[in-house]
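Heads up, the sequence shown is in this note's numbering, so the first residue is 1 and it goes up one at a time. What follows is a short report on a single structure.
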Amino acid sequence: MNAIPEPEDFRAQAWQWLATVARPRAAAGEWGTGSDSVAVFENRTEQEEREHTARIQEWERTRYDQGWGALAWQDTYGGRGLPASYEQLYRSEEAAFDVPHRSEIFPVTQQLVAPAIGIWGSEEQKQRLLRPMLRTDELACQLFSETEAGSDLAAVRTKAVRDGADWILDGHKVWTSGAQVATWGVAVCRTDPDVPKHAGITVFLVRMDAPGVTVRPIQQMTGGASFNEVYLDGVRVPDTDRLGPVGEGWRVTLSVLAAERLDSGSLGLDNADRALDLARNLHRPLTDSEQQRAADLYLRTLVQRLIGLRVTAALVAGREPGAEASVGKLYATGTMRDTSDLVSELLGPRLVADTGEWGTYAWTEHLLGAPGYRIAGGTDEIQHTILAERVLGLPKEPVR
Ligand SMILES: Cc1cc2nc3c(=O)[nH]c(=O)nc-3n(C[C@H](O)[C@H](O)[C@H](O)COP(=O)(O)OP(=O)(O)OC[C@H]3O[C@@H](n4cnc5c(N)ncnc54)[C@H](O)[C@@H]3O)c2cc1C
1 MNAIPEPEDF
11 RAQAWQWLAT
21 VARPRAAAGE
31 WGTGSDSVAV
41 FENRTEQEER
51 EHTARIQEWE
61 RTRYDQGWGA
71 LAWQDTYGGR
81 GLPASYEQLY
91 RSEEAAFDVP
101 HRSEIFPVTQ
111 QLVAPAIGIW
121 GSEEQKQRLL
131 RPMLRTDELA
141 CQLFSETEAG
151 SDLAAVRTKA
161 VRDGADWILD
171 GHKVWTSGAQ
181 VATWGVAVCR
191 TDPDVPKHAG
201 ITVFLVRMDA
211 PGVTVRPIQQ
221 MTGGASFNEV
231 YLDGVRVPDT
241 DRLGPVGEGW
251 RVTLSVLAAE
261 RLDSGSLGLD
271 NADRALDLAR
281 NLHRPLTDSE
291 QQRAADLYLR
301 TLVQRLIGLR
311 VTAALVAGRE
321 PGAEASVGKL
331 YATGTMRDTS
341 DLVSELLGPR
351 LVADTGEWGT
361 YAWTEHLLGA
371 PGYRIAGGTD
381 EIQHTILAER
391 VLGLPKEPVR
């Protein structure tokens, strides 16, 4: 096993490598130059989404092939067996370089689905799927939510019925991010309707190009269509693509959801920093109320970063950061909301009428996109319930 480098040495090596394959980002502080996009969900056509995805894949493959992807994975899967916190160290160096900004399907594949396969997959599935997913040759989306099963995910109705060596899937999933570009979908299905709802669930890996899979994009108010409805009509899935034991799908699902909360803690920080830059660059004195909001937002970004460090510390100590992750996710959506409030006050009418001025109307895309993250990956209310029950030890919600 390779020795673990000191964090500072590792950061220096990462920086040196990055400098050989990417250009440094334009220096901070150059207000008014470069892109002013603060979009939470990009407004792209399907063709543009595919092209952008291909650019990110090219970058992720370079990283993986040169030993800077999959850092926390064993070398069997192309990794370096480093502590999970080294991934964050690497990311903080990468942020200084001009590399393609990962769309949602990438963390879903690498940070949510691959680890779930690592925990629940058979040896054959690990050998077949982990390298292509970590290298992003194959991308995976979450076929979890349905119209009647969101917060109450265990109420899924999509059926999977055994047929010899296969299963036949029938149902309708909704809000599936990235389904158009995914090779695989992780589908939460009901395999036994006669037992309590959490016990009758099984998870399957479904090829998105299998006969019977239909993807229908849903146009968002921000313009793009990264969410989709996915229809599963008599889709045949081999038993070798079942993830985890029959009837134990709820535990598999929880593994994915826990990883999703963990991944959400840094959401919104870049745009909060950008909003504070906006406040500095207005070329007029701020009102008292604007100053208060700006100072509050600044404090929030500090606290959110500290929560992120606690999550890292838990990982370093080999502990599952359960509660810290829920706090981090809630905090992040609050930061996004407070960013919207500050920007609305600073810009007023310039936010709703496009004058062509750099860094003004572009904020509309933050305001319209930010509320989505109060819902995605478990709503704010559900995170509150998790904290109330698991951290504060309050009485549990009655099971419906
Ligand atoms: C940006 C985004 C990306 C998404 N990506 C995906 C994806 O890739 N794959 C996927 O499967 N799904 C995805 N979703 C769907 C998401 O997981 C669900 O929208 C979410 O779980 C909420 O479910 P729902 O929309 O059915 O709302 P509901 O569950 O119907 O909730 C409606 C309201 O009631 C509240 N509520 C519900 N139950 C309780 C309770 N017990 N206590 C208190 N309040 C409650 C909720 O907080 C919410 O305010 C995404 C959603 C968004 C917004």
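In this text, a Cβ means the ideal position worked out from N, Cα and C, and glycines have one as well.
Report buried or exposed for residue i, applying the criterion of at least 16 other Cβ atoms within 10 angstroms of its Cβ.
| i | result |
| --- | --- |
| P115 | buried |
| H366 | buried |
| L299 | exposed |
| M412 | The requested residue 412 does not occur in the structure, where the chain is confined to residues 1 to 400. |
| N271 | buried |
| N281 | exposed |
| T176 | buried |
| A294 | buried |
| A54 | exposed |
| W358 | exposed |
| E305 | Per the sequence presented here, residue 305 reads as Arg, with Glu not at that position. Classification for R305: exposed. |
| L394 | exposed |
| D263 | buried |
| Q291 | exposed |
| T333 | buried |
| T147 | exposed |
| A95 | exposed |
| S122 | exposed |
| T214 | exposed |
Leaving aside the five residues before and after residue i along the sequence, list all residues of the same chain whose C-beta is less than 6 Å from its C-beta, in chain order.
| i | result |
| --- | --- |
| D273 | none |
| L257 | none |
| A210 | V235 |
| A26 | G34 |
| Q383 | S326, K329 and L330 |
| A39 | E365 |
| Y361 | D354 |
Within a Cβ cutoff of 8 Å, which residues of the same chain sit near residue i, ignoring the five residues on either side of it in sequence?
| i | result |
| --- | --- |
| F106 | I56, E60, T136 and L139 |
| N43 | T222, G223, G224 and E365 |
| Q47 | none |
| S145 | L153, K173, V174, W175 and T176 |
| K396 | E389 |
Apart from the five residues on each side of it in sequence, which residues of its chain come closer than 7 Å, Cβ to Cβ, to residue i?
| i | result |
| --- | --- |
| A22 | F97, D98 and V99 |
| A165 | P238 and D239 |
| E324 | I307, R310, V311 and A314 |
| E260 | L112 and G377 |
Taking 8 Å as the threshold, find out whether the segment 3 to 10 comes into contact with the segment 236 to 253 through three or more Cβ pairs.
no
Taking any heavy atom of ligand 1 as the mark, which residues have a C-beta closer than 5 Å to it, listed down the chain?
Q142, F144, S145, G150, S151, W175, T176, S177, G372, I375, A376, T379 and E381
Stretch-stretch touch, CB-based, cutoff 8 Å, three pairs: the segment 274 to 294 with the segment 225 to 238
no
So, do the segment 300 to 320 and the segment 342 to 358 have three or more beta carbon pairs nearer to each other than 8 Å?
no
Does the structure place the segment 366 to 375 close enough to the segment 332 to 347 that three or more beta carbon pairs sit under 8 Å?
yes
Threshold first: 4 residues or longer. Then list the alpha helix (DSSP H) segments lying entirely within the segment 277 to 338, N to C.
288 to 316
Check whether the segment 252 to 266 and the segment 109 to 123 touch, using three or more Cβ-Cβ pairs below 8 Å as the test.
yes
Report the residue ranges of all beta strand (DSSP E) runs contained in full by the segment 93 to 160; include only those spanning at least 3 residues, in chain order.
140 to 143
Run through the segment 230 to 272 for me and flag every whole alpha helix (DSSP H) of 4 or more residues, listed as ranges in chain order.
249 to 263
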